[in-house]
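*Asks:* Just so you know, the sequences run in chain order C and X. Residue 4 is where the first sequence starts when you use the numbering used here, and the numbers rise one by one after that. Residue 5 is where the second sequence starts when you use the numbering used here, and the numbers rise one by one after that. By construction, the Cβ of each residue, glycine as well, lies at the ideal position given by its N, Cα and C atoms. I'd like to ask you about the structure that follows.
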Amino acid sequence: MALKLAFPHKGYHKGSATVMQPAGTSPHLQNVRSYDPLDDRARGGKRPAIVKWSTTQVSDATNPIVELVSVTVVESA
Amino acid sequence: MATLRDSYLTPSTGTSKIDSSNDRTAAIFAASASYSLSQVKLLVYRVGSPGTITVTVRATTTYGGVTQYYPTGADLLTPKTFDGDAVTASTDGEWVTITFVDTAALTSGTKYAIEVSAASADAANYLMVKHDAGIASWTGNYASSSNGGASYSVLGLYGINYEAYDNVSAINPSDKKYTRNIVTFCNDQVFYGPDPDSLVELAAASGDIDCSKPLRAAEAYGKVFIANHDKFRVADFVNVKITTADVGSNIPFNGDIIRGDTSSAAMVVDYITTTSGACTIYGNRISTETFEAETVTGTNKSGDSVSFTGTEEVAGPFWYEWTPYGNDTDSFGTMPTYASIVLLHIGRVWLMADTQYPHQWYGTRQNNPFDFLYAQNDAGSAVAGNNTDAGEVGDIIIDAISYSDDYMIFGCASELHVMLGNPCAGGRINLVRTSGLLAPRAWTWDNDKNLFLLTDEGLLKISQGFGAAQNVTAGVYPDFIEDLAYDPTIHRIAMAYDPVAKGIIISRVTISDGTNVCWFYDLRSGGMFPEVYPEEGSFFALWNFIADAPEDRALLIASQDGYIRKWDKTVKSDDAGASGNEAIDAYVGFGPIVTSNNTRRFGRLSGMNIVTGGDGDGGSNDSDVVYCKVFMEPSAEKLIKQMTSGAGPKYTRNFKVPSFKKGNVDRRKVRGRYAGFIIGNNTAAQSFAFEQVTANNI
Numbered sequence: 004m005a006l007k008l009a010f011p012h013k014g015y016h017k018g019s020a021t022v023m024q025p026a027g028t029s030p031h032l033q034n035v036r037s038y039d040p041l042d043d044r045a046r047g048g049k050r051p052a053i054v055k056w057s058t059t060q061v062s063d064a065t066n067p068i069v070e071l072v073s074v075t076v077v078e079s080a
Numbered sequence: 005m006a007t008l009r010d011s012y013l014t015p016s017t018g019t020s021k022i023d024s025s026n027d028r029t030a031a032i033f034a035a036s037a038s039y040s041l042s043q044v045k046l047l048v049y050r051v052g053s054p055g056t057i058t059v060t061v062r063a064t065t066t067y068g069g070v071t072q073y074y075p076t077g078a079d080l081l082t083p084k085t086f087d088g089d090a091v092t093a094s095t096d097g098e099w100v101t102i103t104f105v106d107t108a109a110l111t112s113g114t115k116y117a118i119e120v121s122a123a124s125a126d127a128a129n130y131l132m133v134k135h136d137a138g139i140a141s142w143t144g145n146y147a148s149s150s151n152g153g154a155s156y157s158v159l160g161l162y163g164i165n166y167e168a169y170d171n172v173s174a175i176n177p178s179d180k181k182y183t184r185n186i187v188t189f190c191n192d193q194v195f196y197g198p199d200p201d202s203l204v205e206l207a208a209a210s211g212d213i214d215c216s217k218p219l220r221a222a223e224a225y226g227k228v229f230i231a232n233h234d235k236f237r238v239a240d241f242v243n244v245k246i247t248t249a250d251v252g253s254n255i256p257f258n259g260d261i262i263r264g265d266t267s268s269a270a271m272v273v274d275y276i277t278t279t280s281g282a283c284t285i286y287g288n289r290i291s292t293e294t295f296e297a298e299t300v301t302g303t304n305k306s307g308d309s310v311s312f313t314g315t316e317e318v319a320g321p322f323w324y325e326w327t328p329y330g331n332d333t334d335s336f337g338t339m340p341t342y343a344s345i346v347l348l349h350i351g352r353v354w355l356m357a358d359t360q361y362p363h364q365w366y367g368t369r370q371n372n373p374f375d376f377l378y379a380q381n382d383a384g385s386a387v388a389g390n391n392t393d394a395g396e397v398g399d400i401i402i403d404a405i406s407y408s409d410d411y412m413i414f415g416c417a418s419e420l421h422v423m424l425g426n427p428c429a430g431g432r433i434n435l436v437r438t439s440g441l442l443a444p445r446a447w448t449w450d451n452d453k454n455l456f457l458l459t460d461e462g463l464l465k466i467s468q469g470f471g472a473a474q475n476v477t478a479g480v481y482p483d484f485i486e487d488l489a490y491d492p493t494i495h496r497i498a499m500a501y502d503p504v505a506k507g508i509i510i511s512r513v514t515i516s517d518g519t520n521v522c523w524f525y526d527l528r529s530g531g532m533f534p535e536v537y538p539e540e541g542s543f544f545a546l547w548n549f550i551a552d553a554p555e556d557r558a559l560l561i562a563s564q565d566g567y568i569r570k571w572d573k574t575v576k577s578d579d580a581g582a583s584g585n586e587a588i589d590a591y592v593g594f595g596p597i598v599t600s601n602n603t604r605r606f607g608r609l610s611g612m613n614i615v616t617g618g619d620g621d622g623g624s625n626d627s628d629v630v631y632c633k634v635f636m637e638p639s640a641e642k643l644i645k646q647m648t649s650g651a652g653p654k655y656t657r658n659f660k661v662p663s664f665k666k667g668n669v670d671r672r673k674v675r676g677r678y679a680g681f682i683i684g685n686n687t688a689a690q691s692f693a694f695e696q697v698t699a700n701n702i
């Protein structure tokens with residue numbers, strides 16, 4: 004009997020009996036997503052990485068940024 | 005597009021013949037203004053085939069004592085040629101356009117020469133440059149030479165037909181009327197800017213906020229309003245300011261227009277610091293003229309004349325205390341003493357989380373965030389919960405959410421309430437659900453206007469149009485909230501919709517060290533995916549920033565180490581700040597899989613293979629090595645425990661080659677009642693995509 008398994012797109016699941024793990028779910032996973040970052044396909048893969056958006060460190064390393072907001076400024080007359 | 009600056013277009017009957025390589029014909033004209041000449045037009049026709057025609061622009065000098073001019077000196081720009089054989093042979097002539105590769109800087113009132121020559125011309129092949137028949141009104145002239153420019157004859161009452169244009173530049177439309185800035189709050193400092201690599205500090209804010217206390221900010225009317233427990237501040241990005249030693253007896257009110265008597269500059273007044281004596285006036289200048297040190301006048305809403313002596317205007321951004329208008333509590337009410345929730349809804353700026361009155365909410369007058377005079381007899385009045393029919397909320401407010409102009413949701417400690425409509429015009433508050441919002445920021449919208457709330461019963465989805473709440477985690481992860489174990493004294497929750505990944509990010513970070521537990525709720529598949537990030541990059545706030553530059557648009561992460569981060573699918577290791585790049589420990593478990601039709605018997609598994617993404621050509625979309633741990637246990641529960649702990653795999657195998665390769669198949673046989681696999685990769689600068697697992701179950 005051939006076994007073929009696709010990525011568990013329905014993600015983490017622990018809401019059922021262990022012998023009845025729903026199809027398309029996983030009991031244990033981390034840092035993976037349904038759409039892979041290599042080719043944007045719905046086949047599963049490692050999540051994308053985080054990188055610096057700004058090279059400006061707006062604090063020393065002991066202080067987190069506590070709030071972000073954007074403001075749109077209309078150009079003056 | 006070139007702009008015509010000078011010309012002579014009188015109907016022409018005369019001509020100047022260029023039938024020798026030594027012939028020169030020059031149109032003499034005075035520049036009507038100072039400009040950069042880049043293009044000329046001449047009215048010409050040919051006889052025979054005159055060949056290449058050269059056009060240049062030169063300075064001029066007067067001819068003897070009379071006010072007639074002829075070319076002199078070097079070319080003022082690079083001469084340009086055109087094909088004389090291609091112009092019309094009709095004696096009516098053809099306007100030929102000559103666009104130079106560079107420009108000549110002309111000075112207003114100075115005379116210049118547009119000079120034409122034809123190196124291959126002869127008696128049978130020549131160019132005719134058309135001019136008028138000689139009229140008394142023309143004060144210009146043309147000059148001609150038959151000896152290569154060694155000397156010229158001038159004809160004062162004749163004018164060559166020409167046009168002179170200024171710098172050729174495309175006039176492209178621009179729809180850009182605004183700039184979007186990101187604003188950060190960190191280390192009791194504020195930074196801002198549209199460009200990620202040139203954020204600048206708003207120096208006046210330094211030390212004037214307290215980031216150790218609850219702080220929220222909201223954009224309204226080109227400004228950012230900050231509620232920071234007992235500090236209320238404005239970061240003003242839209243106004244200019246002028247100051248005066250005495251604002252006078254009649255103050256300008258919010259929305260009044262005042263003007264500079266000398267400069268004619270005008271501004272719409274936004275905020276003033278006092279109602280008497282020395283005062284700073286902030287307003288949106290609506291004129292191109294700027295305010296000088298001058299008398300400023302206007303008429304205020306009461307119909308009284310405003311007049312004061314103002315200073316020269318100063319450009320923002322500004323940082324100032326958020327108070328009732330003019331600090332006049334008699335006329336503009338009183339702000340709460342404490343608040344740490346601020347938001348914009350139906351044109352009002354709202355304040356909540358008053359530690360003295362935690363059920364209370366406060367809203368400014370519509371379109372005036374400096375008017376707190378509650379309970380006036382109009383629909384736009386400032387309003388507070390204890391003086392309306394809507395009343396206070398029946399629970400402590402944790403956070404508030406604006407949903408269009410129809411609803412404002414109060415996320416309370418143990419209930420969700422909604423305010424419908426305008427509380428000053430028939431609005432009311434309804435109880436939505438008896439579950440509490442877990443934390444400030446524990447909510448987000450997706451692009452379809454579905455609202456997601458992290459509550460003490462799980463992740464709730466309220467569908468577009470304020471439909472019934474649906475608990476999306478109750479079935480798949482019943483103890484999600486219990487396992488999340490959010491403790492407001494040590495944790496912070498951040499949530500946001502990621503429009504690129506099309507899912508909801510949920511983060512719980514331990515404030516002291518940045519350790520974190522995150523979840524990605526995929527809206528396309530409906531799956532919950534746990535994630536973890538480096539402490540330095542952990543999420544203290546999230547903001548979907550629609551930057552001006554497409555490459556800067558991203559869901560931004562306010563990180564623990566003072567950097568703003570984003571997701572980048574082209575990168576395979578997490579940026580961990582001072583700790584360098586960190587491998588992403590990624591794995592996915594499959595199972596439990598029953599290996600036998602009869603659960604009383606063990607089955608066997610062999611021929612294991614993993615097909616990963618990529619075709620193995622070494623391209624960037626090739627998967628890297630993945631490991632596979634194969635588990636076999638007599639019970640499903642034991643199997644899951646082993647998979648979770650990582651203990652006791654029957655074997656581990658690395659699958660090195662992406663795509664399907666025959667040699668990848670592992671022939672080992674394993675025996676058990678339930679099978680499971682963990683497939684993953686925990687190597688820096690590596691990633692993988694997954695196609696499928698295949699095996700033989702025998």
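Return the residues of the segment 17 to 31 of chain C that lie within a Cβ-Cβ distance of less than 7 Å from chain X, sorted by chain order.
*Replies:* Residues passing the 7 Å Cβ filter: K17, G18, T21, V22, Q24, S29, P30 and H31.
*Asks:* Can you give the beta carbon distance from V72 of chain C to V228 of chain X, rounded, assuming they're within the 8 Å contact cut?
*Replies:* Sure, about 6 Å apart at Cβ, within 8 Å.
*Asks:* Is the Cβ-Cβ distance between S16 of chain X and N165 of chain X less than 7 Å?
*Replies:* In this structure, N165 of chain X lies closer than 7 Å to S16 of chain X by Cβ.
*Asks:* Can you look up T648 of chain X in the DSSP assignment and give me helix, strand or coil?
*Replies:* Looking at T648 of chain X - three-state DSSP - the assignment turns out to be helix.
*Asks:* I'd like the list of long-range same chain contacts for G367 of chain X, defined as Cβ closer than 6 Å, with 5 residues on each side in sequence excluded.
*Replies:* Result list for G367 of chain X: R352, W354 and V387, in chain order.
*Asks:* Closest to W571 of chain X by CA distance: which of C:P67, C:K49 and C:N66 is it?
*Replies:* Ranking C:P67, C:K49 and C:N66 by Cα distance to W571 of chain X puts C:K49 first.
*Asks:* Is I485 of chain X helix, strand or coil when you go by DSSP?
*Replies:* Helix at I485 of chain X.
*Asks:* Since A147 of chain X and V158 of chain X are thought to touch, with beta carbons under 8 Å apart, how far apart are those beta carbons, to the nearest angstrom?
*Replies:* Rounded, the Cβ-Cβ distance is 5 Å, consistent with contact.
*Asks:* When DSSP labels each residue in this structure, what does K235 of chain X get in the three-state scheme?
*Replies:* Of the three classes helix, strand and coil, the one that applies to K235 of chain X here is strand, per DSSP.
*Asks:* In or out: D626 of chain X buried (at least 16 other Cβ within 10 Å) or exposed?
*Replies:* Its Cβ being crowded by 16 or more others within 10 Å, D626 of chain X is buried.
*Asks:* So what does DSSP say about D410 of chain X, is it helix, strand or coil?
*Replies:* Residue state, collapsed to three classes: coil.
*Asks:* Cβ of M532 of chain X less than 7 Å from any chain C Cβ?
*Replies:* Answer yes: the Cβ-Cβ gap between M532 of chain X and chain C drops below 7 Å somewhere.
*Asks:* Straight-line CA distance for L1 of chain X to A383 of chain X?
*Replies:* Outside the displayed span of chain X (5 to 702) sits residue 1 of chain X, for which this structure offers no information.
*Asks:* Which runs of the beta strand (DSSP E) at least 3 residues long sit entirely within the segment 339 to 376 of chain X? Give them in chain order.
*Replies:* Taking only runs of at least 3 residues, the beta strand (DSSP E) segments lying wholly in the segment 339 to 376 of chain X are 345 to 349 and 352 to 356.
*Asks:* For G384 of chain X, name the three-state secondary structure that DSSP assigns.
*Replies:* G384 of chain X falls in the coil class under three-state DSSP.
*Asks:* With burial defined as no fewer than 16 other Cβ atoms inside 10 Å of the residue's Cβ, what is the status of N451 of chain X: buried or exposed?
*Replies:* Exposed is the call here.
*Asks:* Name the residue from X:R263, X:T58 and X:L527 whose alpha carbon lies nearest to the alpha carbon of V3 of chain X.
*Replies:* Any question about residue 3 of chain X goes unanswered here, given that chain X covers just 5 to 702.
*Asks:* Using a threshold of 7 Å, state whether the C-beta atoms of L206 of chain X and G197 of chain X are closer than that.
*Replies:* For L206 of chain X and G197 of chain X, no; Cβs fall outside 7 Å.
*Asks:* Taking only the alpha-carbon atoms, compute the straight-line gap between A35 of chain X and T76 of chain X and give it to the nearest angstrom.
*Replies:* A35 of chain X and T76 of chain X: Cα-Cα distance of roughly 16 Å.
*Asks:* With DSSP run on the structure shown, which of helix, strand or coil describes P554 of chain X?
*Replies:* Of the three classes helix, strand and coil, the one that applies to P554 of chain X here is helix, per DSSP.
*Asks:* Mind checking who F195 of chain X pairs with in its DSSP beta bridge?
*Replies:* Bridge partners of F195 of chain X: X:T188 and X:E205.
*Asks:* Mind checking which residues open and close the beta strand (DSSP E) that includes D334 of chain X?
*Replies:* First-last for D334 of chain X: T333 to F336, but that is the alpha helix (DSSP H), not the beta strand (DSSP E).
*Asks:* Classify L441 of chain X as buried or exposed, calling it buried when 16 or more other Cβ atoms lie within 10 Å of its own Cβ.
*Replies:* Label assigned to L441 of chain X: buried.
*Asks:* Counting pairs of Cβ atoms below 8 Å between the segment 688 to 699 of chain X and the segment 38 to 58 of chain C, do you hit three or more?
*Replies:* The segment 688 to 699 of chain X vs the segment 38 to 58 of chain C: in contact.
*Asks:* Taking 8 Å as the limit between beta carbons, can you name the residues of its chain near S639 of chain X, skipping five residues before and five after?
*Replies:* Contacts found: R677 and Y678.
*Asks:* So, using beta-carbon positions, are Y329 of chain X and N258 of chain X closer together than 7 Å?
*Replies:* Going by C-beta atoms, Y329 of chain X is nearer than 7 Å to N258 of chain X.
*Asks:* Out of X:Y73, X:S267, X:E119 and X:S25, which one is the CA nearest neighbour of V44 of chain X?
*Replies:* If we check each option's Cα against that of V44 of chain X, X:E119 comes out closest.
*Asks:* Does N625 of chain X get closer than 7 Å to chain C when you measure Cβ to Cβ?
*Replies:* Chain C, which has a Cβ nearer than 7 Å to the Cβ of N625 of chain X, makes this yes.
*Asks:* Rounding to the nearest angstrom, what Cα-Cα distance links N151 of chain X and S38 of chain X in this structure?
*Replies:* Going by the C-alpha atoms only, they are around 32 Å apart.
*Asks:* List the residues of chain C that P200 of chain X touches, going by C-beta distances under 8 Å, in chain order.
*Replies:* Chain C residues near P200 of chain X: W56, S57, T58 and T59.
*Asks:* Any Cβ of chain C within less than 7 Å of the Cβ of C190 of chain X?
*Replies:* It does; some Cβ of chain C falls within 7 Å.
*Asks:* Would T92 of chain X pass as a contact of T56 of chain X if the rule is Cβ separation under 7 Å?
*Replies:* Cβ distance not < 7 Å, so T92 of chain X and T56 of chain X don't count as in contact.
*Asks:* Going by alpha carbons, who is nearest to P554 of chain X out of X:V59, X:L110 and X:P200?
*Replies:* The candidate whose alpha carbon is nearest that of P554 of chain X is X:P200.
*Asks:* Is it the case that the segment 232 to 243 of chain X contacts the segment 282 to 296 of chain X, given that we only count it when at least three CB pairs across the two stretches are under 8 Å?
*Replies:* At 8 Å Cβ cutoff, the stretches touch.
*Asks:* Output the residue ranges of the beta strand (DSSP E) runs that lie fully inside the segment 604 to 657 of chain X and measure 3 residues or longer, sorted by chain position.
*Replies:* Complete beta strand (DSSP E) runs here, min 3: 607 to 616 and 630 to 637.
*Asks:* For E540 of chain X, does the three-state DSSP call read helix, strand or coil?
*Replies:* In this structure, E540 of chain X counts as helix in the three-state DSSP scheme.
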